[in-house]
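Protein sequences, first through last, are from chains C and Z. For the first sequence, the working numbering gives the first residue as 1, with consecutive numbering after it. For the second sequence, the working numbering gives the first residue as 1, with consecutive numbering after it. Working notes, structure below.
Number of protein chains: 2
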Amino acid sequence: MKAKKIGALLLRVAGMKKKQHKRSPCPVACTLDLIGDKWTLLIIRDMFLGRCYYGDFSKSPEKIATNILADRLEKLVMSGLAEKWQPNDEPNREAYRLTSKGRTLKPVLESIATWGLNHIEGTEARLKPK
Amino acid sequence: MKAKKIGALLLRVAGMKKKQHKRSPCPVACTLDLIGDKWTLLIIRDMFLGRCYYGDFSKSPEKIATNILADRLEKLVMSGLAEKWQPNDEPNREAYRLTSKGRTLKPVLESIATWGLNHIEGTEARLKPK
DNA sequence: ACACGCACTTGCATTTTGCAAGCAACACTA
DNA sequence: TAGTGTTGCTTGCAAAATGCAAGTGCGTGT
Numbered sequence: 001m002k003a004k005k006i007g008a009l010l011l012r013v014a015g016m017k018k019k020q021h022k023r024s025p026c027p028v029a030c031t032l033d034l035i036g037d038k039w040t041l042l043i044i045r046d047m048f049l050g051r052c053y054y055g056d057f058s059k060s061p062e063k064i065a066t067n068i069l070a071d072r073l074e075k076l077v078m079s080g081l082a083e084k085w086q087p088n089d090e091p092n093r094e095a096y097r098l099t100s101k102g103r104t105l106k107p108v109l110e111s112i113a114t115w116g117l118n119h120i121e122g123t124e125a126r127l128k129p130k
Numbered sequence: 001m002k003a004k005k006i007g008a009l010l011l012r013v014a015g016m017k018k019k020q021h022k023r024s025p026c027p028v029a030c031t032l033d034l035i036g037d038k039w040t041l042l043i044i045r046d047m048f049l050g051r052c053y054y055g056d057f058s059k060s061p062e063k064i065a066t067n068i069l070a071d072r073l074e075k076l077v078m079s080g081l082a083e084k085w086q087p088n089d090e091p092n093r094e095a096y097r098l099t100s101k102g103r104t105l106k107p108v109l110e111s112i113a114t115w116g117l118n119h120i121e122g123t124e125a126r127l128k129p130k
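The following block contains the structure:
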């Protein structure tokens, strides 16, 4: 994974596109290659809720394992959906946030949240756009 | 897996709810527990496109492995998103289709398809509602 | 009687996940 | 300044999911 990360980093430094092995030209399949798992969209949800620290994400009620969290954050940054930044109030802490590209996933997240609310009993709305 | 299937079947016969271990009450997390992987939504996409046979699904360009396909179809039926039926023109063939609950996933699928078309180059629309 | 297509199932190697523990860097505290 | 705590990870390992190829059972056509 280390070598993979460095490899991807070199690609970015060189301004090259990451050669993503597409399963097909289908937009659904390609989007799922980026966010199609049980954890990525939950991190994105947390970012929409204003969370930005590693510790915040790992404290979410779904209890993501820390190694998975680190892996997904790295992939989100690699794919340009999130980025690292330094908050003004705590400039020395690592922080993450959605990029503008990442924020365009809002309709996706909202449609999923709406579906869950309407079709799975026992769910409660939490994604209130702040 | 066999015992699991029979167990789930007994629950349905008894009219009981499948006790789904919720990671949290979040509608996003709960929806992802149903459709949050790389394959399930592709099968649902195919069903929206009118495909209904096992062979049709396995011939999709993403080349899902047959054991995964069987597993996902079973889970889709278990969760009430799809069902088996017998088509009029070929009554002796196994066929699957979305239930009304499954069809309510259309906004989710459409938002994902739209996002992919707008943000991933090389993708082409295929999900034309027929 | 025999081949054929369809809908899976099985076995096995590889990959991903989940869990617990560990660890380096920094801040704070005594 | 030595110790303590917090943060953001990394590591090791077992368990589960995935991917691939081959095989199986069953009805159909010839």
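Using N, Cα and C, we set each Cβ at its ideal position, and we do this for glycine too.
Query                                                                                                                       : Result
Chain C residues whose Cβ lies nearer than 7 Å to that of Z:T99                                                             : None at all; the shortest Cβ gap to chain C is about 11 Å.
Interface residues of chain C facing Z:R23 [CB-CB closer than 9 Å]                                                          : K38, L42, P61, E62, K63
Sufficient close CB pairs (3 or more, under 8 Å) joining the stretch 19 to 33 of chain Z to the stretch 34 to 49 of chain C : yes
For Z:F48 and C:G80, the rounded distance between their alpha carbons                                                       : 30 Å
Minimum Cβ-Cβ distance from Z:A82 to chain C less than 7 Å                                                                  : no
Helix, strand or coil at C:W39 [DSSP, three-state]                                                                          : coil
Length of the line joining the Cα atoms of Z:A95 and Z:K106                                                                 : 20 Å
Simplified DSSP state of Z:A29, which is helix, strand or coil                                                              : helix
Rounded straight-line distance, which links the Cα of C:G116 to that of Z:S100                                              : 15 Å
Boundaries of the beta strand (DSSP E) in which Z:L49 is found, first to last residue                                       : Note, Z:L49: premise wrong, no beta strand (DSSP E); not H, not E.
Opening and closing residue of the alpha helix (DSSP H) in which C:K95 lies                                                 : Looking at the sequence itself, residue 95 of chain C is Ala, so the reference to Lys does not match. Note, C:A95: premise wrong, no alpha helix (DSSP H); beta strand (DSSP E) at 95 to 98.
Minimum Cβ-Cβ distance from Z:C52 to chain C less than 7 Å                                                                  : no
CB contact check: Z:L73 to chain C, cutoff 7 Å                                                                              : no
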